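Chains as they are written, first to last, in the numbering used here: chain S, 85 to 199; chain G, 788 to 900.
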Amino acid sequence: DGGITQSPKYLFRKEGQNVTLSCEQNLNHDAMYWYRQDPGQGLRLIYYSQIVNDFQKGDIAEGYSVSREKKESFPLTVTSAQKNPTAFYLCASSPLAGKVYNEQFFGPGTRLTVL
Amino acid sequence: DAKTTQPPSMDCAEGRAANLPCNHSTISGNEYVYWYRQIHSQGPQYIIHGLKNNETNEMASLIITEDRKSSTLILPHATLRDTAVYYCIVRVASGAGSYQLTFGKGTKLSVIP
Numbered sequence: 085d086g087g088i089t090q091s092p093k094y095l096f097r098k099e100g101q102n103v104t105l106s107c108e109q110n111l112n113h114d115a116m117y118w119y120r121q122d123p124g125q126g127l128r129l130i131y132y133s134q135i136v137n138d139f140q141k142g143d144i145a146e147g148y149s150v151s152r153e154k155k156e157s158f159p160l161t162v163t164s165a166q167k168n169p170t171a172f173y174l175c176a177s178s179p180l181a182g183k184v185y186n187e188q189f190f191g192p193g194t195r196l197t198v199l
Numbered sequence: 788d789a790k791t792t793q794p795p796s797m798d799c800a801e802g803r804a805a806n807l808p809c810n811h812s813t814i815s816g817n818e819y820v821y822w823y824r825q826i827h828s829q830g831p832q833y834i835i836h837g838l839k840n841n842e843t844n845e846m847a848s849l850i851i852t853e854d855r856k857s858s859t860l861i862l863p864h865a866t867l868r869d870t871a872v873y874y875c876i877v878r879v880a881s882g883a884g885s886y887q888l889t890f891g892k893g894t895k896l897s898v899i900p
């Protein structure tokens with residue numbers, strides 16, 4: 085089946101630890117995105133990537149890092165510098181970077197709780 | 788991207804049409820109207836988009852006013868599975884800004900049996 089997978093669904097970490105969230109897609113999409121969602125709020129863009137080995141900061145990139153070594157994968161690292169990391173993290177992808185009509189396809193999300 | 792305004796919540800009886808409004812009075816000529824929905828604790832799901840003409844697909848219809856300052860998403864026969872938060876988003880057609888979906892708080896639609 086084609087789609088976007090995120091793992092794990094729930095993640096617990098101690099304060100001060102870095103943690104990496106996985107996002108994989110087999111849709112052959114060029115662009116990938118990471119969003120953060122806090123309770124009762126909309127989504128905020130953290131990073132996005134249009135092509136392998138290239139990525140751009142979104143609105144709230146501080147305390148996060150990403151890599152795009154393969155087209156299918158766009159892992160997100162939440163570093164200890166992120167002051168309030170507990171949130172619901174969503175990965176998305178879209179076909180043909182720059183295409184006018186491209187909608188974004190979302191994964192199921194990872195709920196990160198920092199204790 | 789233009790700011791959107793949606794009511795925080797709405798109820799709809801099962802089997803009836805759900806009409807979800809969205810105001811986007813500052814929309815510019817090259818911005819599209821997109822609708823997504825998010826069922827609790829899941830990723831958002833694309834529903835429909837349009838520029839100035841009314842659009843229909845298997846999920847919903849999108850009615851955009853002639854001045855493009857507002858739109859309405861119509862779910863013709865709401866079911867319990869349509870209970871979700873619905874987001875109205877306006878987005879530029881191309882360029883760096885076209886990659887970002889700016890989600891507000893949306894409208895929480897509750898479909899009642």
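A virtual CB, placed ideally from N, CA and C, is assigned to each residue, including glycine. Values in this document were obtained by computation on a predicted structure and should not be read as measured data.
Item to check | Proximity test, Cβ basis, 8 Å: lysine 856 of chain G and chain S | outcome: Not closer than 8 Å to any Cβ of chain S, the Cβ of lysine 856 of chain G fails to qualify, so no.
Checklist entry - For leucine 867 of chain G, does the three-state DSSP call read helix, strand or coil? => result The answer is helix: DSSP assigns leucine 867 of chain G an H, G or I state.
Next on the checklist: So, does the segment 796 to 810 of chain G touch the segment 108 to 117 of chain S, judging by three or more C-beta pairs under 8 Å?
Outcome noted: Cβ pair count under 8 Å is below three, so no.
Next on the checklist: Between phenylalanine 158 of chain S and chain C, is the shortest Cβ-Cβ distance under 8 Å, so that the two count as touching?
Outcome noted: The structure shown contains no chain C; the protein chains it does contain are S and G.
Item to check | Classification of alanine 171 of chain S by the beta-carbon crowding that lies within 10 angstroms, buried from 16 upward | outcome: Alanine 171 of chain S sits buried, since 16 or more C-beta atoms from the chains shown fall within 10 Å of its C-beta.
Next on the checklist: Can you tell me whether aspartate 854 of chain G is helix, strand or coil according to DSSP?
Outcome noted: If DSSP states are grouped into helix, strand and coil, aspartate 854 of chain G belongs with coil.
Next on the checklist: Rounding to the nearest angstrom, what Cα-Cα distance links tyrosine 819 of chain G and histidine 836 of chain G in this structure?
Outcome noted: Approximately 7 Å, taken between the alpha carbons.
Checklist entry - In chain order, what residues of the same chain have a beta carbon less than 7 Å from the beta carbon of glutamate 156 of chain S, not counting five sequence neighbours either side? => result Cβ neighbours of glutamate 156 of chain S within its own chain (closer than 7 Å, five residues either side excluded): Glu108, Gln109, Asn110.
Checklist entry - How would you list, in chain order, the residues of chain S whose beta-carbon sits under 9 Å from the beta-carbon of lysine 892 of chain G? => result Residues of chain S passing the Cβ test: Gly124, Gln125, Gly126.
Checklist entry - What residues of chain S sit near tyrosine 874 of chain G, judged by a beta carbon separation below 8 Å? => result Here the neighbours are Gly126.
Next on the checklist: I'd like to check one pair, lysine 856 of chain G with serine 812 of chain G: are the Cβ atoms closer than 8 Å?
Outcome noted: Yes, Cβ-Cβ distance for serine 812 of chain G and lysine 856 of chain G is below 8 Å.
Checklist entry - Rounded C-beta distance between tyrosine 173 of chain S and leucine 196 of chain S? I'm assuming under 8 Å. => result Right, the Cβ-Cβ distance comes to about 6 Å (below 8 Å), so this counts as a contact.
Checklist entry - Exposed or buried, what is phenylalanine 96 of chain S when buried is set at 16 or more other beta-carbons lying within 10 Å of its beta-carbon? => result Classification for phenylalanine 96 of chain S: exposed.
Item to check | Burial state of glutamine 166 of chain S, where buried means 16 or more other Cβ atoms lie within 10 Å | outcome: Buried: at least 16 other Cβ atoms inside 10 Å.
Checklist entry - Would the beta-carbon of glutamine 121 of chain S be found less than 7 Å away from any heavy atom of the ligand COA? => result The model depicted lacks the ligand COA and carries no ligand whatsoever.
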